[in-house]
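Notes for the one structure printed next.
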Amino acid sequence: MISLQIPGRGELHIKSVVLDYNGTIALDGKLVHGVLENLNNLATILDIYVITADTFGQAAAECQSLNGKVVILKNHLGAGEKEAFVAALGAENVIALGNGANDCLMLKKAALGIAVIGHEGASVKAVNSADIVVKDINEGLGLLLNLKRLKATLRG
Numbered sequence: 001m002i003s004l005q006i007p008g009r010g011e012l013h014i015k016s017v018v019l020d021y022n023g024t025i026a027l028d029g030k031l032v033h034g035v036l037e038n039l040n041n042l043a044t045i046l047d048i049y050v051i052t053a054d055t056f057g058q059a060a061a062e063c064q065s066l067n068g069k070v071v072i073l074k075n076h077l078g079a080g081e082k083e084a085f086v087a088a089l090g091a092e093n094v095i096a097l098g099n100g101a102n103d104c105l106m107l108k109k110a111a112l113g114i115a116v117i118g119h120e121g122a123s124v125k126a127v128n129s130a131d132i133v134v135k136d137i138n139e140g141l142g143l144l145l146n147l148k149r150l151k152a153t154l155r156g
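In structure tokens, the structure reads:
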């Protein structure tokens, strides 16, 4: 767990990170370089969940070495399922990362939502639902690995 006091926002107690797969941590079904290492570093202090419709059918194989769980959605639209998943974990203790329109509800529900622009771009809905927007996934994970960056971005 990580605890972080953010001036003007209060204290966050984060236990879990929930990440979309395609477009967020993967491109064309393959993990983006550096993501696995960053996620496994985070997994020493947080529970890691990758939640996906698995468009390319490669999420489980690509995440085989991940110290976390891969959750395949039953409904390929997924927005409500992702939101419910975050809620079930205790949304007040979750950071969510995503880029698609079907990520907007989980980004809003989580204690902290991070929209990732990445190689696929990002849905305007996702960007407008997030607390932070980053240009690539490793920058977003870097915020979680260096909490002073996160604090500096969110102080208000």
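First residue of the sequence shown: 1, per our numbering; consecutive thereafter. From the three backbone atoms N, C-alpha and C, an ideal C-beta is built for every residue, glycine too.
Pairwise C-alpha distance: residue j and residue i
| i | j | result |
| --- | --- | --- |
| Leu105 | Val116 | 15 Å |
| Gly156 | Gly57 | 41 Å |
| Tyr21 | Glu92 | 22 Å |
| Leu36 | Gly10 | 30 Å |
| Ser3 | Gly121 | 30 Å |
| Lys148 | Cys63 | 28 Å |
| Ala61 | Ala152 | 36 Å |
| Val94 | Glu81 | 15 Å |
DSSP bridge partner residues for residue i (one or two, in chain order)
| i | result |
| --- | --- |
| Asp54 | Its beta-bridge partners do not exist; DSSP assigns none. |
| Ile48 | Val17 |
| Ile137 | DSSP lists no partner for Ile137. |
| Lys158 | Because the chain in this structure spans residues 1 to 156, residue 158 falls outside the shown range and cannot be described. |
Rounded Cβ spacing between residue i and residue j (contact assumed at less than 8 Å)
| i | j | result |
| --- | --- | --- |
| Val50 | Gly34 | Actually they are not in contact, since the Cβ atoms of Val50 and Gly34 sit about 15 Å apart, beyond 8 Å. |
| Ile114 | Leu89 | At roughly 16 Å, the Cβ-Cβ gap does not stay under 8 Å, so Ile114 and Leu89 are not in contact. |
| His119 | Leu31 | Actually they are not in contact, since the Cβ atoms of His119 and Leu31 sit about 12 Å apart, beyond 8 Å. |
| Ala53 | Leu73 | 5 Å |
| Ile48 | Val17 | 5 Å |
| Asp136 | Leu112 | 18 Å between Cβ atoms; not a contact. |
| Val133 | Val127 | 6 Å |
Proximal residues to residue i (C-beta, below 7 Å), its chain only, five neighbours per side dropped
| i | result |
| --- | --- |
| Asn41 | Leu145 |
| Lys158 | Summary: the structure shown does not reach residue 158, with the chain confined to residues 1 through 156, and so no result is reported for it. |
| Ala43 | Asn67, Gly68 |
Neighbourhood of residue i by C-beta, 6 Å cutoff - its chain only, sequence neighbours within 5 removed
| i | result |
| --- | --- |
| Pro7 | Arg155 |
| Leu141 | Asn38 |
| Glu83 | Leu105, Met106, Lys109 |
| Leu150 | Leu143 |
Nonlocal neighbours in the same chain, by C-beta distance under 8 Å from residue i, ignoring five residues either side
| i | result |
| --- | --- |
| Ser129 | Asp103, Cys104, Leu105, Leu107, Lys108, Gly113, Ala115 |
At what residue ranges does the stretch 85 to 133 contain a whole run of the beta strand (DSSP E), taking only runs of 3 or more?
Within the stretch 85 to 133, complete beta strand (DSSP E) segments of at least 3 residues are found at 94 to 98, 112 to 116, given in chain order.
Runs of 4 residues minimum, wholly inside the stretch 4 to 42: which ones carry the alpha helix (DSSP H) assignment?
Qualifying alpha helix (DSSP H) stretches, in chain order: 35 to 42.
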